[in-house]
Every structure is written in C-alpha cells, then in structure tokens.
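Number of protein chains: 2
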Amino acid sequence: MVTITDISLRCNVSRATVSKALNGHSDINAETAAHIRQVAKEMGYLPNATARTLKLGRSHNIGVLFVDKTSSGLSHEYFSQILESVKQEAERSGYDITFISRDIGAVPMDYYEHAKYRNCDGVIVASVDFTDPAVIKLVNSDIPTVTLDYVFDSCSAVLSDNVGGMAELVRYVYGKGHRKIAFIHGEITSVTQKRLASFHKTCAELGVTIPEGYIETANYHDPKASGLATRRLLALKDRPTCILYPDDFSFIGGMNELEKQGVSIPGDISVAGYDGILLSQVLRPRLTTYRQDAEAMGREAARALVEIIERPKEWIPRQTMIPGRLLEGDTVRTIQ
Amino acid sequence: MVTITDISLRCNVSRATVSKALNGHSDINAETAAHIRQVAKEMGYLPNATARTLKLGRSHNIGVLFVDKTSSGLSHEYFSQILESVKQEAERSGYDITFISRDIGAVPMDYYEHAKYRNCDGVIVASVDFTDPAVIKLVNSDIPTVTLDYVFDSCSAVLSDNVGGMAELVRYVYGKGHRKIAFIHGEITSVTQKRLASFHKTCAELGVTIPEGYIETANYHDPKASGLATRRLLALKDRPTCILYPDDFSFIGGMNELEKQGVSIPGDISVAGYDGILLSQVLRPRLTTYRQDAEAMGREAARALVEIIERPKEWIPRQTMIPGRLLEGDTVRTIQ
DNA sequence: CATGTTGACTTAATCGATTTCGAAAAGTCT
DNA sequence: AGACTTTTCGAAATCGATTAAGTCAACATG
Numbered sequence: 001m002v003t004i005t006d007i008s009l010r011c012n013v014s015r016a017t018v019s020k021a022l023n024g025h026s027d028i029n030a031e032t033a034a035h036i037r038q039v040a041k042e043m044g045y046l047p048n049a050t051a052r053t054l055k056l057g058r059s060h061n062i063g064v065l066f067v068d069k070t071s072s073g074l075s076h077e078y079f080s081q082i083l084e085s086v087k088q089e090a091e092r093s094g095y096d097i098t099f100i101s102r103d104i105g106a107v108p109m110d111y112y113e114h115a116k117y118r119n120c121d122g123v124i125v126a127s128v129d130f131t132d133p134a135v136i137k138l139v140n141s142d143i144p145t146v147t148l149d150y151v152f153d154s155c156s157a158v159l160s161d162n163v164g165g166m167a168e169l170v171r172y173v174y175g176k177g178h179r180k181i182a183f184i185h186g187e188i189t190s191v192t193q194k195r196l197a198s199f200h201k202t203c204a205e206l207g208v209t210i211p212e213g214y215i216e217t218a219n220y221h222d223p224k225a226s227g228l229a230t231r232r233l234l235a236l237k238d239r240p241t242c243i244l245y246p247d248d249f250s251f252i253g254g255m256n257e258l259e260k261q262g263v264s265i266p267g268d269i270s271v272a273g274y275d276g277i278l279l280s281q282v283l284r285p286r287l288t289t290y291r292q293d294a295e296a297m298g299r300e301a302a303r304a305l306v307e308i309i310e311r312p313k314e315w316i317p318r319q320t321m322i323p324g325r326l327l328e329g330d331t332v333r334t335i336q
Numbered sequence: 337m338v339t340i341t342d343i344s345l346r347c348n349v350s351r352a353t354v355s356k357a358l359n360g361h362s363d364i365n366a367e368t369a370a371h372i373r374q375v376a377k378e379m380g381y382l383p384n385a386t387a388r389t390l391k392l393g394r395s396h397n398i399g400v401l402f403v404d405k406t407s408s409g410l411s412h413e414y415f416s417q418i419l420e421s422v423k424q425e426a427e428r429s430g431y432d433i434t435f436i437s438r439d440i441g442a443v444p445m446d447y448y449e450h451a452k453y454r455n456c457d458g459v460i461v462a463s464v465d466f467t468d469p470a471v472i473k474l475v476n477s478d479i480p481t482v483t484l485d486y487v488f489d490s491c492s493a494v495l496s497d498n499v500g501g502m503a504e505l506v507r508y509v510y511g512k513g514h515r516k517i518a519f520i521h522g523e524i525t526s527v528t529q530k531r532l533a534s535f536h537k538t539c540a541e542l543g544v545t546i547p548e549g550y551i552e553t554a555n556y557h558d559p560k561a562s563g564l565a566t567r568r569l570l571a572l573k574d575r576p577t578c579i580l581y582p583d584d585f586s587f588i589g590g591m592n593e594l595e596k597q598g599v600s601i602p603g604d605i606s607v608a609g610y611d612g613i614l615l616s617q618v619l620r621p622r623l624t625t626y627r628q629d630a631e632a633m634g635r636e637a638a639r640a641l642v643e644i645i646e647r648p649k650e651w652i653p654r655q656t657m658i659p660g661r662l663l664e665g666d667t668v669r670t671i672q
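Respectively, the protein sequence lines represent chains A and B. All letters in the first sequence, in the order written, are residues 1 to 336 by the working numbering. All letters in the second sequence, in the order written, are residues 337 to 672 by the working numbering.
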C-alpha cells in the first residue's frame, strides 16, 4: 500500500508537506503541491481512512440500527427502501454505512458500545423496540442519533405522517360513501397508536360511529393474522363495507379469506392497505393504499444526521414529518 | 473515552502490560491481569477498533457489494435475506458489515479503492453486473472476495443450484403429466443461462419437445414483463399446459393476465415460480416454486470469507453449491 | 542596516493499541 | 556462592495521517 511516507520520499519533502499538499493547505507552494498530487496519483495513493479516523476522531462512518423481530431481517420493503435511501444520501455526503448490532463475535456489547467501538460519527435507528434499554442508552448518549418513526426528545427524528395518512385514508373511503369502516391494526407500537388515534378522531369528526368489533388486532407483515381478523369481521352480524389493513403485505391474508368466503373486492367489500409497496401496485385489482415515502424518510434521516455531525453547535432536536400520498387503486368502491 | 493509558495510570503499570493483560498474554501475572481486567471493566473501557485496525492491519470489517440495477436497492427479498444472513454469520465471527459503493462524497473511487480505503478484510459480492470492470478489478485484487451466484476462478463462490433447481421443477411438472411446458426467463445473466440450459437439457432427457414460442423473455422482479410474456404464450395456437416464471414476484403479472383472460390456475393452466419468497407461500392458491436457500447462501458466503481471511495459507478458490428445495403449492395440476 | 514580515517547509507530537526486545527480580541447580 | 532459568513487567517503536510550533531564507520597510 502506498502511504504518505512513500510519496514524501519520492518528492524529497516531509510527510507533513505531502499531507498538506493533498489536503490543499495554503502554506504549500502551488508548484510543489501540484507535483506532489501528480506523484500521488502516479503511485496510486489512497488515503487510509483508519489512520485518519484515529487522528481526527471522525470516521465518516454512520451506524445503522435496524432490527426485525422476526429476524427475517430487512424483509419489510418499507425498511429496505429506507436503508437504501439512507445509504445513497450518506454516500453523497462522504459517509459509509455500517450495521450496528448487539454483540460482535464472542464479545458482548450493547448498541452504544458497538457504535463507539467502531467510532461511528452518528447512528440512524429504525425498526427497533424503542423501549429497549440498550436503544434508550444509545439515543441518550453523546453519539448523534436520528430515529425513524419514533420521537425521543434527546435526538432528532424523521416521521412518517401516520396521523395524516390514516386521516386521509378514512376521509377517502368516507368520500366514497362508506360509513361502516373496520380497521385491522398491527401490534401495538407508537406508530400503531398514532394510526389508531387518527382513525378514531377522523371517524368522530366525520360523525362515523365505530361499532363493537370493528377494531381488530393483527400484526404487521403477517397475512395469516390479518386473514383471521378478516374472518372475525366477516362473522359480525353487521359487516363492515370497508376494511383497512395494517399494511399492504398483510392484506394478502385478508384477500385470501375474502376470496375463500366468496366475497368479492370491491364488489362486496372494499379494502385498503398501508405502505404503498410495489406489490400493492401490481395486484389486480390494484390496492388502494397510503404510500409512505420511504425514499424521502431515508434521505431526510441521513441529511439530518450529517447536519448534526458536521454542525453540532447549531443543532437542536428536530422532528421532520414526511408526508405520504394516497394511491388510489381499485379496491374501494363507491357506494350510495 | 477510556483508553488503555487511563487504565495503566490507575493500575500503576505500563500500557504494554494493560494491553497484554486484556489480550490474555501469558507473560503477565495472573493476579495482575485479573486486577487490570477488573479496573478496565469498572472504568467502562472499550477497545478502539480504529487503533487496533491501524496497528494490526486487520479491521474485522467485511465489505458487501450489492447493487441493484433498478436502484430500488434491496427490494428483492432474495438479496435482502442473503444480506441479513451474511450479517448474522459475520457478526458471529466478530466481523462488522460495511457497504461498498462506487464513490464516496465528492471523491471518485472504484469498489476496490473503497474497500482498501476502509481497510476491509474481505468483500462479499452479489447482485451486480459481473462484467463491470470495477467488479473484475475487485475480485482479482489482493482483497479476499467471495462472490454469490457467479464464478471467477480467482475467488471462492457460493452458488444457488440453478441447474438442479430448474431440473427438479421440470421433472416435477413432468411427473404431474405436463408435456407442454413453457418457460419465461429473466434478462440474460449467468443465472438465467444456467436455468435455461437446465430447462432444455431436462426436457430433452424426458423426451419433451419445446415448440416454437415456448421460451419467452421477460425480466426478474417485473410483473409487467411477465404479464406480457404470458399474454404472448396464451396467444399461441398450441397453448402450454404449464408456465414456469422467472421468479415468484414476477409471477404476479402472469397471475393477473391469466385472471383477466379467464384462465384459472391451476384448472386451465398450471404455473410455477422460482425463489420461494414469503409472498409465494401466502398467495392462494399457494404457488409451487423452487425455494433458494438464501439464508444458507449468506451464511456460507460469510463463512467462506472469514475462512479465507483467517487462514489465507490454506485457501484455494472453492465453489459451494447450496441446494434449494421444491415447495409444492397448489398451482400445478395433475393432468392425464 | 537592523528589524519585521512573509512564504515554504520541517520537526515532532499525537491519536490508541500492539509487540519486540530487554531488564530486573526471583527461583533453581550444582 | 556462582551461574542459569524463569517470571513478570516496561521502554520504545510502530501503524498512517494530521497539525501546532518552529526554522530559515528571501524580501520589504523605515
């Protein structure tokens, strides 16, 4: 590997001069600097990020903490899109991405320790159990942190507009004439609570009453649970005319159950999903859903984090709300 | 941050002694070592991976190179599962994962340079254009590399059994009585070529002739293209009784087209996918498909790489074939 | 001409951890 | 007691890059 020392020998200057020339310091003669840069290029010099990190205390490396309960990893398209987007934006600013995990090898470590161990300049946290003490330790630490879809007052957050999204969905189906709207929600998380609250609030605003049994519990990304919830809804004496699902993928379970019971979509019952993943747009009928702008979420999270890292003085915890948009498919029918 | 120096001051020993005690060297008195470890724990000492990397030339960091043409990133479940699995296995061996990209910030870099810059001990390459000069430069470099689903003779590879998988699928549908089997394949890659060759070979072995037009071209992960290909197949005078799709996701396009034309699955026509992603198993009817063991692929890739890194002497390029298995769903009907 | 000033480099310390080569102390053997 | 080992620990170099402080010559100024 070519180091700064190799270049200095070749150019008959000190290592300091080489470093300064390469970093464009002003106290180096223009010709000397040009020559050094030329030689560096010829020799195929590459700076060593490790040495630089050690000296400067800045790694230009961002940790990402994504944990999936199901441990199927990034199976959820929403999160894999966010990750990709974080990665792209981080790279644009000169940062690399490293996964932060709980342990590494035989050494037990918590998230904070891992991030410190790797000298991460900051961490992006998403899709985790935000009540986990290890997560709380991290967000309250000296490491700049940005959370996704969860607010800690110690750090900045990027949020999907769950309240607005759910309100828009409810108002949309209301506009289509639906008054008997059921909601199957995922496991209780802060996101779920927001959607649930927004569902109740919007229904109240619209004067829509929610009969007993119209709020059903299932899980995110779990068609089976949604199928069972759908079955329970269909067993009600007073069936809903519209069912809102926890997310697009889990809707598949509902779709199967409806099909099985000979209930047509949207002829007999209308449905809507949430997320706006690719799948929802290739199904026929196309699923009406609320698209979360994962790309923007990842981008804004990375931007916010880089901002904190590079201008720590000016930083104050800030929440960025990312709006989504309703994707009108063909699964919500207009009724009289 | 607590460093080795802090501990040495507190224990009245040299930094060398602390380092040795912490690393379990034998030339330190057992009691002294125990005391040092105790103090280290009390002070919350964490080793600094950067300093260690600089000194030892080993980063315990593995680069992963995943590029998706669609730039939708890790949208393909097969790859996100592999990534997750690579990550888990790497962590088990004490390695972290960093994404390798083409440029970083304003600095233009190729993959090799990026990996060197970050001192990656090795790189795992998947889902890229293997004819890209930058990729070729990387796999032929001094950096240990493991490729997925592609063989270079300069490095080890982990391969999904595309030949065996396709053969098993064909034999399965043949066993169900099908003799008119169409195959819609994805864009031409080495994987596609293997499946295509295996399709032809297996058909030949079984004495099945492949009429004009039964081999159709579409794309991976692209329901639209598969839908169009399906339409072309349905327009044939002599329709196939069974269609094999490029992958499970793109089958959705075929499903829509069949539905639209009133062709029932599997009543009128049988179908099978490839991959065995979660979606295929929650659709009704359940899709018959060949499951690629993404989890094993990621695990073996990580193991192979760690092996090369830690025992470079004994290393010889090796290919590991990961078998998949047929997931029998309800989309292939028995015909007389 | 003595004194400042500026430009262009270099010296040397530093970041945190590891490791080679000693060195002192203690123990062993004849 | 003298010679040799063994045990236990430390001094100092090292990895590659950065930078504060210092040097020295050339030049400007009153």
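By construction, the Cβ of each residue, glycine as well, lies at the ideal position given by its N, Cα and C atoms.
In the DSSP secondary-structure assignment, D439 (chain B) is bridged to B:P444. Using a Cβ-Cβ distance cut-off of 8 Å, the region 516-535 of chain B and the region 493-500 of chain B are in contact, since at least three pairs of beta carbons, one from each stretch, lie closer than that value. In the three-state DSSP reduction, N592 (chain B) falls in the helix class (H, G or I). Under DSSP, L663 (chain B) forms a beta bridge with B:T625.
C-alpha of I184 (chain A) to C-alpha of I269 (chain A): approximately 14 Å in a straight line. Taken atom to atom, the span from the alpha-carbon of I551 (chain B) to that of A518 (chain B) is near 6 Å.
Judged by DSSP secondary structure, A554 (chain B) falls outside any alpha helix (DSSP H); it is assigned neither H nor E. Secondary structure of H514 (chain B) (DSSP, three-state): coil. Burial check for N359 (chain B): the Cβ neighbour count within 10 Å stays below 16, so the residue is exposed. Looking at the DSSP output, A462 (chain B) shares a beta bridge with B:F402. Within the region 36-50 of chain A, those residues whose Cβ lies closer than 8 Å to any Cβ of chain B are, in chain order, L46, P47, N48, A49 and T50. Cβ neighbours of R394 (chain B) within its own chain (closer than 7 Å, five residues either side excluded): D457.
Rounded to the nearest angstrom, the Cβ distance from H114 (chain A) to I104 (chain A) is 6 Å, consistent with a contact under 8 Å.
Judged by DSSP secondary structure, M379 (chain B) falls within the alpha helix (DSSP H) whose first and last residues are A366 to M379.
Listed along chain B is no residue with a C-beta nearer than 7 Å to that of S156 (chain A); the closest approach is about 22 Å. A residue is called buried when at least 16 other Cβ atoms come within 10 angstroms of its Cβ; A225 (chain A) meets this threshold and is buried. Per DSSP, reduced to three states, the secondary structure at V338 (chain B) is coil, with no helix or strand assignment. The Cβ of R454 (chain B) sits closer than 7 Å to at least one Cβ of chain A. Cβ contact annotation for S421 (chain B) (same chain, cutoff 6 Å, sequence separation greater than five): E631, G634 and R635, in chain order. Residues of the same chain with a CB within less than 6 Å of the CB of K180 (chain A), apart from the 5 flanking positions on each side, are P240 and T241 in chain order. Close to chain A, meaning a Cβ-Cβ distance shorter than 8 Å, is no residue of the region 649-667 of chain B at all. For F402 (chain B), the nearest beta carbon of chain A is not closer than 7 Å to its own beta carbon. One finds V282 in chain A with Cβ atoms closer than 8 Å to the Cβ of P559 (chain B), taken in chain order. Pairing G399 (chain B) with I433 (chain B), the inter-Cα distance amounts to about 6 Å. Under the DSSP assignment, C539 (chain B) falls in the alpha helix (DSSP H) whose first and last residues are S526 to L542.
Every beta strand (DSSP E) of 3 residues or more that sits fully in the region 562-586 of chain B is shown, in chain order, as 578-580.
As computed with DSSP, N61 (chain A) is found in a beta bridge with A:D96.
The alpha-carbon of D129 (chain A) is positioned some 46 Å away from that of G603 (chain B).
In chain B, no part has a C-beta under 8 Å from the C-beta of G186 (chain A); the shortest such distance is about 16 Å. Taking all protein chains shown into account, E425 (chain B) has 16 or more neighbouring C-beta atoms within 10 Å of its C-beta and is therefore buried. Among the residues facing chain A, I588 (chain B) is included, as its CB has a counterpart in that chain under 7 Å away. Here R647 (chain B) is exposed. Its C-beta has fewer than 16 other C-beta atoms within 10 Å. By the beta-carbon neighbour count (other beta carbons within 10 angstroms, threshold 16), L615 (chain B) is buried. Residue contact with chain B for L138 (chain A): absent (no Cβ-Cβ distance below 7 Å to any residue of chain B).
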